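Enquirer: With my numbering applied, the sequence shown covers 1299 to 1480. Don't be surprised by glycine CBs; every beta carbon is placed ideally from N, CA and C. Small disclaimer: the values here were computed from a predicted structure and weren't measured. Here it is: the structure, laid out below.
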Amino acid sequence: QLLMSRSVFLGSILLVMTIIRIPSLLLPEINVDESQFVASAQKLSRDPVFFRSVDCGTVGPVDIYPLVLPVLFGMTPDYASSRLVGLVIMFCSIWILYLALARLVDDRLARIAVIPLVGILATIHTGDLRHYASEVPILILVSGAFYCGVRTYENAGSSSRWFACLGFLISLSFFAKMQGLP
C-alpha cells in the first residue's frame, strides 16, 4: 500500500530528476539567455519593478520573477539557483499533469503516462532544457491550464471558477514569453 502511494511515486520522480540534474547545477553558462535572466533576477532583487529595472526583449515578468525566489532563502540569483528553480518548475509541471491525468483515467495509467515525460526532462542533454530557459515557466502554465481544462470538463454545468482559472493561466503565458501565447 505504501509503495503504491502518490507520495512515494512523486517523491521518487523528484529524487530521480534531482540526482540526474545535480551535475548540471554546477556548470558554467550554458546559454547567453541564462546569463541575461540571472542578471535580470539580480537587478530585480534590488529593484522589483520589472519594466523599470530590466528589459528582456520578448521575455516577461513571469519568466524572471521565479529566479528571485532564492533571495527569500538567503541565496543570490546565480546559475545554480536558477537551474534549481527550473528543476522545481519542471517537477511541479509533471505533478500537475499527473493530477490532471489521474482525474481522466485510472491512477496506474496516469502514472505510466507521465513516466516518459520524466525520462525526457531528466535525461535530455539539450542545452535549452538543462538550464533555466524562457520555455520552462510555460511548462507549468500549460500544465496548470490543462488541469483547469480537465476540471472544467468534469464539472460542465458549474465550472466557471475553473474556466476563469484556465483563462488566467493562458493569459499569463503572454507575460512569460510573447511567443508562448499562439
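Thinking C-alpha only, which one of W1460, F1472 and S1441 is nearest T1450?
Expert: Residue W1460 is the option with its Cα nearest to T1450.
Enquirer: At what residues does the alpha helix (DSSP H) containing V1336 begin and finish?
Expert: V1336 -> alpha helix (DSSP H) spans V1330 to R1344.
Enquirer: Considering Cα atoms alone, identify which of S1322, R1344, G1355 and L1395 is closest to Q1334.
Expert: For Q1334, the nearest C-alpha among the options comes from G1355.
Enquirer: Under the three-state reduction of DSSP, which class applies to V1366: helix, strand or coil?
Expert: Residue state, collapsed to three classes: helix.
Enquirer: Tell me whether V1347 sits in a helix, a strand or coil according to DSSP, three-state version.
Expert: Three-state DSSP puts V1347 in coil, outside helix and strand.
Enquirer: Can you have a look at V1360 and say buried or exposed, based on whether 16 or more other CB atoms are within 10 angstroms of its CB?
Expert: Burial call: buried.
Enquirer: Does E1452 pass the burial test, meaning 16 or more other C-beta atoms within 10 Å, or should it be called exposed?
Expert: The residue is exposed, with fewer than 16 neighbouring Cβ atoms inside 10 Å.
Enquirer: Whose CA, out of I1422, L1382 and L1365, lies closest to the CA of P1375?
Expert: Ranking the options by Cα distance to P1375, first place goes to L1365.
Enquirer: In angstroms with no decimal places, state the Cα-to-Cα distance between A1337 and F1472.
Expert: Cα to Cα, the separation comes out at about 22 Å.
Enquirer: Check the DSSP bridge columns for V1357 and list the partner residues they point to.
Expert: K1475, per the DSSP bridge assignment.
Enquirer: Between L1415, L1399, P1321 and V1369, which has its C-alpha nearest V1448's C-alpha?
Expert: Taking only the C-alpha atoms, the option nearest V1448 is L1399.
Enquirer: My output table needs one value for L1301: the three-state DSSP class, helix, strand or coil.
Expert: Coil, per DSSP.
Enquirer: When burial is assigned at 16 or more other CB atoms within 10 Å of the CB, is I1292 buried or exposed?
Expert: This structure cannot settle anything about residue 1292, because the visible part of the chain is limited to 1299 through 1480.
Enquirer: Let me know the secondary structure DSSP gives V1412 once reduced to three states.
Expert: Reduced to three states, the DSSP call for V1412 is helix.
Enquirer: When we look at the beta-carbon of S1305 and count the other beta-carbons within 10 Å, is it buried (16 or more) or exposed?
Expert: With fewer than 16 Cβ atoms within 10 Å of its Cβ, S1305 is classed as exposed.
Enquirer: Using the Cα positions of L1407 and I1436, report the straight-line distance between them to the nearest angstrom.
Expert: Taking the straight line joining both Cα atoms gives about 25 Å.
Enquirer: DSSP on M1315, reduced to helix/strand/coil?
Expert: Residue state, collapsed to three classes: helix.
Enquirer: Thinking L1342 and F1348 are a contact (beta carbons under 8 Å), I'd like their distance in whole angstroms, please.
Expert: Sure, about 7 Å apart at Cβ, within 8 Å.
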